[in-house]
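**Q** This structure is in structure tokens; I'll ask about it shortly.
Residue numbers (mature numbering (1 follows the signal peptide of the UniProt record, and there is no 0)): -18 to -1, 1 to 406.
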């Protein structure tokens, strides 16, 4: 009997031991259940590297990063969200695309339900507010990078035009739209070169600074309403074109890249992320470009994104934990240093690594401080679900004007096309 008791005790101990091994295999070395997260990203980020770092510190977590082009990324996400199947556990959403997904609010997790208000004060107010719904009680995503705009200018073009070339002096000289046009006139007269590369950039000078552009939050089209500023932005671009201040270098084309390289236009009004492109694709121009602030009326944001969590996930808490870590000020600094993603967490602007930043391409200038200053003055904007579609119609009208079309007829035709699209 005693032998049977001892044998039973040994078997019981062995069973407990096996159960313990099984639990350890299921939970991982760090404890907690094993978690596998699908994360969809686009663009040049360092998120793959940060995901690997997170996994080392959290060995029970596996993060599958899927990267695709911006357009394909958002179309695939929209399809998955609409069908209710195939969505990732967490995803990037670009700021211009965010309103496209607002109509599917029920398909996303409200990050306020996961405690997001605890980190709200770490980010710029305008960036945070854009991710809220109209009533402010639903948060679609946590802030990643931003695209504060500044004025890139070619020092040799300015020098040949008899204009100052130091950033502070250029900022003093061009502090209003009227002064911008005066400088453009001088550049054209003295060098024969346009001030701005394209009609789109001339249009965006004002558009990116508008709190309200094409739609209000009720979905009403506003471009024909009294006081709407879209027509003013259109007219400004047309005026610059008619004066000869606008070139024909469309962004991302080989011709545009060559123009950046050769200094074939004077100014690019663009966000912080353009620096990375110029460094890699306009190497001959190294040391010839500088950055300064735009006139206040042109201060705006272009680009940046959010990390959202589709409702389809069964691991929202784990996904949120990773997202919160990914966009923390500490990791935003890493993303800035590694990939030039400009931080939406203003505490980063006070870090020595940020303040001592030096851009060799821009003659050793600390361009980061210029964009940090610009980031403080950006308004929270609402663009609407059909923003990209409507904006493309306006750009088509401006291209037609560039090619000889009548500005007013092209405006009217664009408005008609927009109305027709919205009826579908």
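We put the CB at the ideal spot given by N, CA and C, even for glycine. From a predicted model like this one, the values you see are computed outputs, not experimental measurements.
Which residues does DSSP pair with residue 287 in a beta bridge?
**A** Here residue 287 corresponds to residue number 305 of the chain shown, with the count starting at 1. According to DSSP, which records beta bridges pairwise, residue 287 is partnered with 76.
**Q** Can you give me the Cβ contacts of residue 127 inside the same chain, cut-off strictly under 6 Å, excluding the 5 residues immediately before and after it?
**A** By one-based count along the chain shown, residue 127 stands at place 145. 286, 323, 324.
**Q** Under the rule that 16 or more other beta-carbon atoms within 10 Å means buried, what is residue 5, buried or exposed?
**A** Counted from its first residue, the chain shown places residue 5 at position 23. Since pLDDT at residue 5 reaches only 42, below the 50 mark, its modelled position is unreliable, and no value is offered.
**Q** Please determine if the stretch 286 to 304 and the stretch 156 to 175 are in contact, where contact requires at least 3 C-beta pairs separated by less than 8 Å.
**A** In short, these stretches do not touch, since the Cβ pair count stays below three.
**Q** I need the DSSP call for residue -15, collapsed to helix, strand or coil.
**A** In the chain shown, counting from the first residue as 1, residue -15 sits at position 4. Note that residue -15 scores 44 on pLDDT, short of 50, meaning its location in the model is unreliable; the coordinates nonetheless yield the value given after this. Helix.
**Q** Compare the Cα-Cα distances from residue 346 to each of 105, 353, 268 and report the closest residue.
**A** Taking the first residue of the chain shown as 1, we reach residue 346 at position 364. Nearest of 105, 353, 268 to residue 346, Cα basis: 268.
**Q** Measuring CA to CA, which of 192, 72, 179 is closest to residue 133?
**A** Sequence index remark: in the chain shown, residue 133 carries index 151 (1-based). For residue 133, the nearest C-alpha among the options comes from 179.
**Q** Roughly how many whole angstroms lie between the Cα atoms of residue 48 and residue 30?
**A** For the purposes of this step, residue 48 is taken as residue 66 along the chain shown, with counting starting at 1. For the purposes of this step, residue 30 is taken as residue 48 along the chain shown, with counting starting at 1. If I take the Cα positions, the gap works out to 9 Å.
**Q** Buried or exposed, going by whether 16 or more other CB atoms sit within 10 Å of the CB of residue 57?
**A** By one-based count along the chain shown, residue 57 stands at place 75. Exposed: under 16 other Cβ atoms inside 10 Å.
**Q** By the DSSP assignment, the beta strand (DSSP E) with residue 35 in it spans what residues?
**A** The count along the chain shown starts at 1 and reaches residue 35 at position 53. From DSSP, residue 35 is part of no beta strand (DSSP E) but of the alpha helix (DSSP H) over 29 to 39.
**Q** To the nearest whole angstrom, what separates the beta carbons of residue 131 and residue 190, a pair I think is in contact under 8 Å?
**A** The residue given as residue 131 occupies position 149 in the chain shown. The residue given as residue 190 occupies position 208 in the chain shown. Right, their Cβ atoms sit about 6 Å apart.
**Q** Exposed or buried, which one is residue 292 when buried takes at least 16 other CB atoms within 10 Å?
**A** In the chain shown, residue 292 corresponds to position 310, counting from 1. Buried, because 16 or more other Cβ atoms sit within 10 Å of the Cβ of residue 292.
**Q** Let me check understanding here. Comparing Cα to Cα, which of 51, 393, 84, 90 lies closest to residue 290?
**A** Along the chain shown, read from residue 1 onward, the residue named residue 290 stands at position 308. Checking every option, the nearest Cα to that of residue 290 belongs to 90.
**Q** Under DSSP, the alpha helix (DSSP H) around residue 155 begins and ends at which residues?
**A** One-based indexing of the chain shown puts residue 155 at position 173. 149 to 155 is the extent of the alpha helix (DSSP H) around residue 155.
**Q** DSSP three-state call for residue 304: helix, strand or coil?
**A** Position 322 of the chain shown, counting from 1, holds the residue named residue 304. In this structure, residue 304 counts as helix in the three-state DSSP scheme.
**Q** For my contact list, residue 339 and residue 327 are in at a C-beta cut-off of 8 Å; report their separation, rounded to the angstrom.
**A** Taking the chain shown and counting its residues from 1, the one referred to as residue 339 is at position 357. Taking the chain shown and counting its residues from 1, the one referred to as residue 327 is at position 345. Incorrect: roughly 16 Å between the Cβ atoms, too far for contact.
**Q** Label residue 207 either buried or exposed according to how many other C-beta atoms from any shown protein chain fall within 10 Å of its C-beta, with 16 as the threshold for buried.
**A** Here residue 207 corresponds to residue number 225 of the chain shown, with the count starting at 1. By the neighbour-count rule (16 or more Cβ atoms within 10 Å), residue 207 is not buried but exposed.
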